[in-house]
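In our numbering, the protein residues as written are 125 to 388.
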Amino acid sequence: MDLAAAMPSPRRAIRMVQRNAIVYRHGWMVILSGFFEPLFYLLSLGLGLGGYVPAVDGLPYAAFVAPGLLASSCLNGAITDGFFNIFFKLHFAKIYDGVLATPMRVVDIGLGELIWALARGSAYAATFLGVMGVLGWWQGELILRSWWAVLALPAAILTAASLSAMALCLTTVVTRVEQFDTVMGVGVMPMFLFSGIFFPVSQLPVVVQGFLQLVPLYHAVELLRACTTGEFSWATAWHLVYLVTVGVGAFVVAMTRLERALIK
């Protein structure tokens, strides 16, 4: 295989991003909707319930839960853009069939969709970090506990990229709308509840803690919490390596499967 031919073209990929931006220029409320759910969780749990919950791992509850909700905000963007939207374009709107009639290739489409999802996830992350800072200042108890919190934004961008690549890979496996319930109910919801967003995973059985080493959201939560608290360890490096490795692997698999589906 010609390696140069297998590499995506950034210029062509940006055309896909521009296409998505044009489509969403009148649908900005759809983009904003992915930000509100974790924000409402932060307000109700971090500020509301947090007043009744003692410190968790030495942190005020709002400071403990906020990094996890930041990770879930990245997950929302990944599921929306990397899974639902691409599934619709692939199986119903047949957008990619028309795109491939141009010089665009499957790998260019994949990179463009990933960049779009990454841009959306990055916007969620930057806004949410700003809200965390403002709410911490307003209630007089810092949510961003360290100057290392400046690393939370690039960590969130990495999280968005990795989760989006995994969502794109998942899209190539799901073939029917009816399978959405399985994905959300068996995959996304348990991951959201048990990845350490709302309580320390040390409270879970050892077997479950071991299984969480395979769950991407768990690694994202721990990485972002390390950034916002400034408490780093060798485990932080493991979370970072996991997200990079699995994200790259998922993108490669997604491109291979997508090409088989589109090039017949």
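Cβ atoms here follow ideal geometry from the backbone N, Cα and C, with glycine treated the same way.
What residue range is occupied by the uninterrupted alpha helix (DSSP H) comprising residue i?
i    : result
I387 : It is not in any alpha helix (DSSP H) - I387 carries neither H nor E in the DSSP assignment.
F252 : V230 to Q263
H397 : Residue 397 cannot be examined here, being either before or after the span of the chain that is shown, 125 to 388.
Quick check: what's the CA-CA separation for residue i versus residue j?
i    : j    : result
W152 : W271 : 32 Å
P178 : W358 : 28 Å
E355 : A273 : 10 Å
P314 : F211 : 22 Å
S319 : V180 : 15 Å
W262 : P162 : 19 Å
P346 : Y248 : The identity of residue 346 in the sequence shown is Glu, whereas the question assumes Pro. If I take the Cα positions, the gap works out to 18 Å.
V298 : P278 : 30 Å
F304 : T296 : 13 Å
T380 : A137 : 17 Å
A243 : R300 : 27 Å
E383 : F335 : 32 Å
I321 : V189 : 6 Å
L386 : A225 : 11 Å
H363 : I219 : 36 Å
G264 : V376 : 46 Å
Q333 : L317 : 13 Å
L238 : T251 : 20 Å
R229 : Q142 : 16 Å
F323 : T369 : 26 Å
D126 : A289 : Any reading at D126 needs caution, since the residue's pLDDT is 46, under 50, leaving its predicted position unreliable; the model's value is listed next. Rounded to whole angstroms, D126 to A289 spans 23 Å at the Cα level.
S168 : A344 : 22 Å
A128 : V330 : For A128, the predicted structure reports a pLDDT of 47, less than 50, and the residue's modelled location is therefore unreliable. The matter cannot be settled from this model.
Y148 : G222 : 19 Å
R135 : G175 : 50 Å
G311 : V339 : 10 Å
Would you mind stating whether residue i and residue j have Cβ atoms separated by less than 8 Å?
i    : j    : result
G201 : A145 : no
L259 : L171 : yes
G236 : M140 : yes
L183 : T353 : yes
I203 : A291 : yes
G245 : A276 : no
L282 : L341 : no
G257 : L268 : yes
Please name the residue in the options whose C-alpha comes closest to that of residue i.
i    : options                   : result
V325 : G206, G192 and S288       : G192
S286 : Y165, F164 and A378       : A378
P227 : F322, A187, S133 and S288 : S133
M308 : F207, V147, D221 and Y148 : F207
F164 : A186, A276, V310 and V147 : A186
R349 : V231, A280 and V230       : A280
V231 : C293, V331, V368 and T306 : C293
F160 : C198, R135 and R143       : C198
Runs of alpha helix (DSSP H) lying entirely within the stretch 266 to 329, each at least 4 residues, in chain order: The stretch 266 to 329 contains these whole alpha helix (DSSP H) runs: 276 to 295, 303 to 306 and 313 to 318.
Uninterrupted alpha helix (DSSP H) stretches inside the stretch 161 to 239 (no shorter than 4 residues): For the stretch 161 to 239, whole alpha helix (DSSP H) runs of length 4 or above, ordered along the chain, are 185 to 201 and 219 to 223.
Length-filtered (4 minimum) alpha helix (DSSP H) runs lying within the stretch 331 to 375: Every unbroken stretch of the alpha helix (DSSP H) spanning 4 or more residues and falling wholly within the stretch 331 to 375 is given here in chain order: 340 to 353.
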